[in-house]
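Residue 128 in UniProt numbering sits at position 128 of the sequence shown, and the numbers go up by one each step.
Cβ coordinates follow ideal geometry from the N, Cα and C atoms, glycine included.
Given the structure is predicted, the values throughout are model-derived calculations rather than measurements.
Everything below concerns the one structure shown next.
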Amino acid sequence: MSVATEAAQIRDLFNQIEDIEEVASTLSEDDERRRKLDGVVARALRTAPPVRPVVAGELLDLTEKTVKAWAREGVLAIHSQEPRMLLDTVRLHEVLHVVAELRRAGRTRGLLDEVHRRLSDQALLDRDDLATSLAQMHRGEGRVVRNLDQGS
């Protein structure tokens with residue numbers, strides 16, 4: 001399959017997913033319909049075939065060399081290495097969102113570092129234990145802990 005054909009197929013899938021995500025975002029967080037739509041998106045991304053770096057480059061408007069460097073740095077997840085590198089579609093979709101947001105904000109340099117930072121921050125925010133702790137803090141629960149060795 002040609003790069004253009006493969007890129008068009010993945011772009012079409014991502015456009016469909018964007019439409020579903022847009023509708024889901026209009027529903028409240030606790031709405032069962034939103035959870036169902038989020039599940040449809042997750043399944044579609046999980047079952048999508050892995051993507052060649054050259055195709056990811058086409059989608060991200062980056063060179064294949066840059067895409068492979070991002071994969072080696074862990075920003076893009078490698079699905080398989082042999083017989084050729086293929087990238088995880090779920091992570092590619094996440095990165096595509098972040099890159100688009102950064103470009104809309106006028107950022108064109110240092111994208112690798114900024115994308116890596118944003119994905120790391122999001123991974124922390126997605127942790128259930130952090131969400132629980134933040135909710136407790138907002139409610140004023142808990143206690144202040146000070147290290148006695150540093151003085152009062």
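- In the three-state reduction of the DSSP assignment, LEU87 falls in the strand class.
- Out of ASP19, LEU87, GLU73 and PRO50, the CA that lies nearest to the CA of VAL115 is found in GLU73.
- Annotated three-state conformation of VAL51 is strand, per DSSP.
- Here PRO53 is not near LEU13, since their CB atoms are 9 Å or more apart.
- Residue pairing from DSSP places ILE78 in a beta bridge opposite LEU87.
- 9 Å or more divides the Cβ of VAL51 from the Cβ of ILE20.
- Contact annotation: the stretch 60-79 does not touch the stretch 18-35, with fewer than three C-beta pairs closer than 8 Å.
- Judged by beta-carbon spacing, LEU119 lies beyond the 9 Å limit of VAL90, meaning their Cβ atoms are not closer than that value.
- For GLU141, the three-state secondary structure derived from DSSP is coil.
- Annotation: the continuous alpha helix (DSSP H) that includes ALA4 extends over 3-24.
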